[in-house]
Structure formats: C-alpha cells, structure tokens
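So the structure is just underneath, and the comments pick up after that.
There are 2 protein chains.
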Amino acid sequence: MRSSALGCHSRLVKTSDELPLHQRLGAEFQRRIESGEWPEGLPVPSESQLCAEFGTSRGPVRQALAMLRHEGSLVGGRGKPPVARRTAPSQPFGTFLSFTQWARTIGREPGQRTIEVARRRASPEAAARLGLAEGAPVVELVRLRLLDDVPAMLERSTFVHEVGRILFDFDPDRGSVYEELLRREVDLHRARHTIDAVAAEPPDAELLRVAVGAPLLRVRRLTTSSLGVPLEDADDRYLPAMATFTIENTIEGRTVIGRYRTEED
Amino acid sequence: MRSSALGCHSRLVKTSDELPLHQRLGAEFQRRIESGEWPEGLPVPSESQLCAEFGTSRGPVRQALAMLRHEGSLVGGRGKPPVARRTAPSQPFGTFLSFTQWARTIGREPGQRTIEVARRRASPEAAARLGLAEGAPVVELVRLRLLDDVPAMLERSTFVHEVGRILFDFDPDRGSVYEELLRREVDLHRARHTIDAVAAEPPDAELLRVAVGAPLLRVRRLTTSSLGVPLEDADDRYLPAMATFTIENTIEGRTVIGRYRTEED
DNA sequence: CGTCAAGACATGTATGTACAAGTTACCGTC
DNA sequence: GACGGTAACTTGTACATACATGTCTTGACG
Chain A
156 MRSSALGCHS RLVKTSDELP LHQRLGAEFQ RRIESGEWPE GLPVPSESQL CAEFGTSRGP
216 VRQALAMLRH EGSLVGGRGK PPVARRTAPS QPFGTFLSFT QWARTIGREP GQRTIEVARR
276 RASPEAAARL GLAEGAPVVE LVRLRLLDDV PAMLERSTFV HEVGRILFDF DPDRGSVYEE
336 LLRREVDLHR ARHTIDAVAA EPPDAELLRV AVGAPLLRVR RLTTSSLGVP LEDADDRYLP
396 AMATFTIENT IEGRTVIGRY RTEED
Chain S
156 MRSSALGCHS RLVKTSDELP LHQRLGAEFQ RRIESGEWPE GLPVPSESQL CAEFGTSRGP
216 VRQALAMLRH EGSLVGGRGK PPVARRTAPS QPFGTFLSFT QWARTIGREP GQRTIEVARR
276 RASPEAAARL GLAEGAPVVE LVRLRLLDDV PAMLERSTFV HEVGRILFDF DPDRGSVYEE
336 LLRREVDLHR ARHTIDAVAA EPPDAELLRV AVGAPLLRVR RLTTSSLGVP LEDADDRYLP
396 AMATFTIENT IEGRTVIGRY RTEED
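So the sequences go chain by chain: A and S.
Position in the first sequence (first residue = 1) + 155 = my numbering.
Position in the second sequence (first residue = 1) + 155 = my numbering.
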C-alpha cells in the first residue's frame with residue numbers, strides 16, 4: 156500500500172519537488188521499525204529485496220540504511236541482514252531545554268509557580284558567565300517547576316537584558332518561556348549543561364519541601380546564540396526523586412541524552 | 156609526505172590487512188582539521204582535488220567526508236566546498252567509560268585502590284538489572300578512584316560471571332579494566348548512564364572522606380553487548396567537588412558529552 | 001551421525017558514469 | 001557603473017558493475 160506511493164518508477168515522473176529518494180526510503184524504513192512492521196530483534200529484508208521492492212539501485216537503499224544504522228535503529232550486518240532495534244527518539248535540544256515539553260513527553264502535567272521576575276543589575280558571577288560588565292542590566296527569573304502539582308525543580312535563570320525584556324510581555328506561568336523565545340526568533344542555538352550535586356540550602360529546601368542539606372541534582376546551563384554570545388545563565392536544582400538524566404552511548408560514538416522521571420524501571 | 160603513505164595505488168598491493176580506504180581517508184582528513192592544516196572556517200579542498208591527491212574515486216572520499224560531517228567537523232556544502240570546523244574532540248565511549256583515560260585527558264594522574272573483588276551470587280536488584288536469575292554468579296568489583304592521590308569517586312561494579320572472570324587474571328590496581336576487557340574482545344557496545352544525586356552513606360562517606368549526608372553525584376551504568384545483553388551494572392559516586400558532567404547540544408541536534416574536573420572555568 | 005567443505009547469499013568496499021542543482025565569477029549589455 | 005545572464009565548478013543524487021568478505025545452509029564424506 157504505502158510502498159506503492161514511494162517506489163514507483165520515479166524516473167518517469169518529475170521528482171524535483173519531492174525529497175531525495177534515499178531520504179524517503181529512510182523515512183519509510185524508520186516508520187516500519189517504529190510501527191513494528193519490521194519487528195525488533197529480527198533481521199530486516201536484504202538490500203536486494205528492498206531494491207526490488209522500491210525499484211531502485213543499491214545506492215539509495217544503502218544510504219537510507221546507513222542513516223538508520225547511525226541513529227541506532229539498525230545494528231549488525233556484514234554477511235547477514237542487519238537487525239532492527241527500536242530506540243527512544245532523541246529530540247535533544249527541544250526536550251532537553253524545555254521543562255514543559257519534557258514533562259509532556261513523559262505523560263506528566265507540567266506546572267510552574269513564578270517566584271520572581273525582576274530586572275536588576277548583574278551579580279559579579281552572572282556577569283562573568285554571560286560576558287557582561289559587572290552591573291549591566293539583566294532579567295532574573297525564578298520559578299518553581301511542578302510535575303502533576305508536586306514540586307520537582309527550582310529554576311533560577313538570568314537572561315541578558317535584550318532577551319529578558321521579552322519576559323515582561325509574557326506570563327511565565329502560562330506557557331513555555333523557550334517556545335515563546337523561539338517564536339520571537341531569539342537565536343537560542345547552543346547550550347552547555349554542567350551537572351553536579353549540591354546540598355539544599357534553606358530557601359531551596361523550603362520551596363522544594365525537603366530538609367536542609369538534602370542532596371539535589373544541579374544543572375547549570377549557559378545558552379548561547381549561534382555566534383557564541385551568551386544569552387542565558389541558569390541554575391536548575393532537581394529533586395533526585397523526581398528526575399534523572401540519562402546518557403546513552405555506543406562504542407561507535409552515537410550518543411543520546413535525555414531526562415527521565417525517576418522511578419519507573 | 157603523509158599522503159604518499161595513504162593513497163598510493165592500493166590496487167597494486169594487497170590491502171586486506173589494512174583498514175578500508177574510506178576509513179583511512181577519514182582519519183587523515185580529521186588529522187588535517189585538528190592539526191590546522193585545513194584551517195577552521197576555510198573551505199576544504201574539493202572532492203575532485205582529494206580524489207586526485209589520493210588516487211581514488213569519489214566514493215571513498217565522499218564516505219569519509221560524510222563521516223566528518225556527521226561528527227560536526229565539517230559544515231556546509233552543496234555548491235561550495237564544505238567548511239572545516241574544529242570541535243571539542245568527542246570520544247564518548249572511550250573517555251566516558253574509562254576513568255583512567257578521562258583522568259589522563261584532563262592532565263591528572265589516575266589512581267585506584269581496589270576495596271574488593273569477589274565472586275558471589277547476584278542480589279535481587281543487580282539480577283533484575285542484568286537480566287539474570289536471582290542468585291546467579293556474578294563478580295563484584297569495588298574500587299576507590301583517585302585523582303592525583305585524592306579520593307574522587309567510589310565505583311561499585313557488578314559483572315556477569317562470564318565477563319567478570321577475566322578480572323581474576325588481572326590486577327585492577329595496575330591498569331584500566333575496560334582496556335583489558337576490550338583487549339580480551341569482550342563485546343562492550345553500548346552503555347546507558349543514569350545520573351542523579353544521593354546523600355553519602357556511612358561507608359561511602361568514610362572512603363571519600365566527607366561527612367555522612369554530603370551530596371554525591373551518582374552515575375548508574377548499565378553496559379550491554381551489541382545484542383543488548385547486559386554485561387555490567389555499576390554505581391559510581393563522585394565527589395561533586397572533583398568531577399562534573401557536561402552536555403553540550405545545539406538546536407540542530409548534535410550533542411557532545413563529557414566529564415570534567417570541577418572548577419576550572 | 002558428526003564433520004567439514006563448497007556454494008549460495010548477504011553485506012562491505014570501490015570504481016565509473018551521468019545528470020541535477022546550487023554557487024561563484026566573469027563578461028557583455030543596458 | 002549597475003545589472004543580468006551565462007559558463008564553469010562544486011556538491012547531491014542515482015545507477016550499474018565488480019569483487020572482497022563474512023554468514024549460513026547444504027550435502028558429501030568419513
């Protein structure tokens with residue numbers, strides 16, 4: 156059914172307005188793996204079978220398979236057909252940056268209580284990290300993040316003024332700050348996250364409802380534009396019982412990162 | 156100079172004992188980018204020039220370029236030659252897995268004190284994670300890891316017996332366990348790291364020389380073979396003052412992970 | 001009945017060709 | 001001098017072919 160829309164004699168029709176063949180093949184193969192049409196753990200059809208099915212040469216088929224192999228959806232090969240493997244989809248920047256999007260992907264309802272949004276002069280530390288002069292104007296946003304109305308994370312963000320000013324036209328309790336910033340075409344391009352552990356200090360402890368000194372998972376984030384100009388410096392403190400981070404990597408070098416609800420294995 | 160060793164008429168000599176051509180080309184290209192021979196920001200030679208230089212067809216050259224492009228060392232293209240981009244070297248599996256290698260890359264001397272290496276029956280939790288029957292034989296390895304002779308991390312590893320038995324022929328205080336396992340052709344292929352924070356318990360606290368209850372950065376690691384068979388289940392607890400993890404990602408989706416010495420920014 | 005060798009078949013590697021599509025530089029025209 | 005078109009060059013895509021190499025099955029032989 157579906158295949159007929161794909162492989163039929165593309166040489167006879169004009170293909171200029173469509174995606175390249177190997178990309179269409181790759182998308183179709185991925186769909187088959189995700190849908191279970193090619194069951195996990197079983198070998199997929201051989202290259203020649205795929206060539207015959209879609210009426211193409213080996214080139215595009217191999218390009219598509221290589222793409223999936225690189226993403227980890229296919230493993231093995233050399234002598235025997237590669238084996239399908241369902242993998243968690245990775246949307247690094249989107250879900251890793253946005254608490255809101257992440258919460259939705261794990262089936263929880265995100266919530267937030269804005270503690271403070273203020274325009275003030277940069278502290279020496281924030282100024283250093285953002286590359287600003289000490290005392291330059293910045294916008295600070297402190298929010299308590301909730302999962303199903305339970306406190307999960309305390310977020311302290313410092314935006315450079317040019318970006319932060321947008322927040323005054325926006326209700327941070329309403330929707331995702333990142334979605335709003337991207338919609339306003341702020342050039343959020345690259346983020347560097349540094350993960351460590353800290354003890355809960357009195358204000359954190361009260362908001363997150365834990366004892367002072369309890370271990371918290373801290374993520375410091377420096378978000379920069381595509382030209383490397385710092386735009387945001389953040390300090391997020393997670394309750395380890397509510398969220399963990401995962402990194403999955405293989406010996407070939409593929410890497411998938413993610414943030415997960417704590418207990419569910 | 157160097158190129159002559161690479162490209163000269165490999166058709167005339169037996170190539171069976173050497174790496175495939177496109178891999179050698181990829182390594183050579185990467186070397187040129189890292190060494191600055193192909194300066195950052197400038198277009199690299201065109202494909203036809205590279206074909207001429209190494210005496211090959213376009214196929215291997217394009218395969219090598221695609222590899223570098225996927226790693227982020229090359230950007231752009233279509234109509235104009237791609238542009239070199241120096242990126243932080245990412246050797247995810249190697250340095251992320253091996254404390255020894257990581258320590259060396261940050262210029263510290265790794266050390267270790269083996270607390271225990273024992274063959275015993277799997278605990279219910281370890282058995283569940285390793286997919287073994289409860290009580291199946293496993294090998295447990297507990298090591299205190301040092302950086303410049305200062306305690307930095309406490310590592311508790313549980314290996315399935317088939318892999319762990321190798322450790323009895325090997326002195327864990329001598330060299331890298333992972334290097335040894337890879338040398339013995341153990342199929343360590345994929346690792347899933349889960350990061351959270353825990354409070355130091357009495358035995359941890361004593362070995363790491365911190366107060367009971369101090370926050371520790373915990374990394375639980377499940378290492379599996381290429382077929383998805385669990386081989387190792389580990390629980391590493393870092394002093395947050397000695398190490399942090401970083402994740403760098405861009406909006407396009409490339410991701411680089413790393414482990415860093417704490418304060419040095 | 002077990003073992004090993006041959007062959008069929010799979011993927012990996014490499015070459016050569018052809019054309020499409022984007023980029024750049026140049027040159028003639030207005 | 002500014003503009004526009006063309007030509008040359010680049011990479012992207014696709015096909016056909018050939019051979020190397022790894023895997024599995026089959027069948028003959030001991």
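Beta carbons: idealized from backbone N, C-alpha and C, even for Gly.
Measuring only the C-alpha atoms, how far is residue i from residue j?
i	j	result
A/Val298	S/Ile270	Note that residue 298 of chain A is Arg in the sequence shown here, rather than Val. Using only the alpha carbons, I get a separation of about 44 Å.
S/Phe400	S/Asp388	19 Å
A/Gln218	A/Ala291	51 Å
S/His348	S/Val374	6 Å
A/His344	S/Gly227	15 Å
S/Gln267	S/Asp328	6 Å
A/Pro236	A/Gly262	36 Å
S/Val216	A/His225	19 Å
A/Leu296	A/Leu285	15 Å
A/Arg275	A/Glu317	13 Å
A/Ser253	A/Val305	18 Å
S/Gly383	S/Gln185	31 Å
Residues in the same chain with beta-carbon distance under 8 Å from residue i, minus the five sequence neighbours each way, listed in chain order, please.
i	result
A/Ala355	Leu363, Val365, Ala366, Val367, Gly368, Ala369, Pro370, Leu371, Arg392
S/Val168	Legend: pLDDT at S/Val168 = 30, less than 50; position of this residue unreliable, value from coordinates given subsequently. Once the five neighbours on either side are set aside, S/Val168 has no close Cβ partner at all.
S/Arg259	Pro265
S/Phe325	Val332, Glu335
Among the options, whose alpha-carbon lies nearest the alpha-carbon of residue i?
i	options	result
A/Glu176	A/Glu195, A/Ser190, A/Ser212	Here the sequence assigns Leu to residue 176 of chain A, which means Glu is not the residue at that position. Minimum Cα distance to A/Leu176 is reached at A/Ser212.
A/Ser421	A/Gly231, A/Gln178, A/Leu285, A/Ser253	Any question about residue 421 of chain A goes unanswered here, given that chain A covers just 156 to 420.
S/Ala221	S/Glu310, S/Glu189, S/Leu180	S/Leu180
S/Leu322	S/Glu310, S/Leu336, S/Arg311, S/Leu309	S/Leu336
A/Gln178	A/Gly214, A/Gln204, A/Val199	A/Gly214
S/Leu309	S/Pro358, S/Thr378, S/Gln185	S/Pro358
A/Pro198	A/Leu174, A/Gly234, A/Phe209, A/Arg274	A/Gly234
S/Val279	S/Ala273, S/Asp304, S/Leu287	Note that residue 279 of chain S is Pro in the sequence shown here, rather than Val. S/Pro279 has its Cα closest to that of S/Leu287, out of S/Ala273, S/Asp304, S/Leu287.
S/Glu334	S/Ala277, S/Trp257, S/Val315	S/Trp257
S/Ser380	S/Val341, S/Ser203, S/Arg414, S/Thr405	S/Val341
A/Phe251	A/Ala352, A/Phe209, A/Arg376	A/Arg376
Which same chain residues, not among the five before or five after residue i, have their C-beta less than 7 Å away from its C-beta?
i	result
S/Glu195	Ala239, Arg240, Arg241
A/Ala307	Arg300, Leu301, Tyr393, Leu394, Met397, Ala398
S/Cys206	Ser212, Arg213, Val216
Residue i by DSSP, collapsed to three states: which one?
i	result
A/Asp391	strand
A/Ile402	strand
S/His316	helix
A/His344	coil
S/Val466	Given a span of 156 to 420 for chain S in the structure shown, any question on residue 466 of chain S remains unanswerable.
A/Val332	helix
S/Pro357	helix
S/Ile188	helix
S/Met222	helix
S/Arg240	coil
S/Arg179	helix
A/Leu174	coil
A/Asp324	helix
S/Arg414	strand
A/Arg338	helix
Where do the ends of the alpha helix (DSSP H) carrying residue i lie?
i	result
S/Leu205	202–209
S/Leu296	Where S/Leu296 is concerned, there is no enclosing alpha helix (DSSP H), although the beta strand (DSSP E) it sits in stretches over 292–302.
A/Pro279	279–285
A/Phe254	254–260
Here's a check: name, in chain order, each residue in its chain whose Cβ is nearer than 6 Å to the Cβ of residue i, leaving out the five neighbours to either side.
i	result
S/Ile188	Ser228, Ala239
S/Thr255	Pro265, Ser331
A/Thr313	Ala281, Val293, Glu295, Asp388
S/Thr378	Leu343, Ala346, Leu386, Glu387
S/Trp193	Arg187, Val199, Ala239
A/Ile350	Val374
Terminal residues of the continuous beta strand (DSSP E) containing residue i?
i	result
A/Leu377	370–379
A/Ala273	265–276
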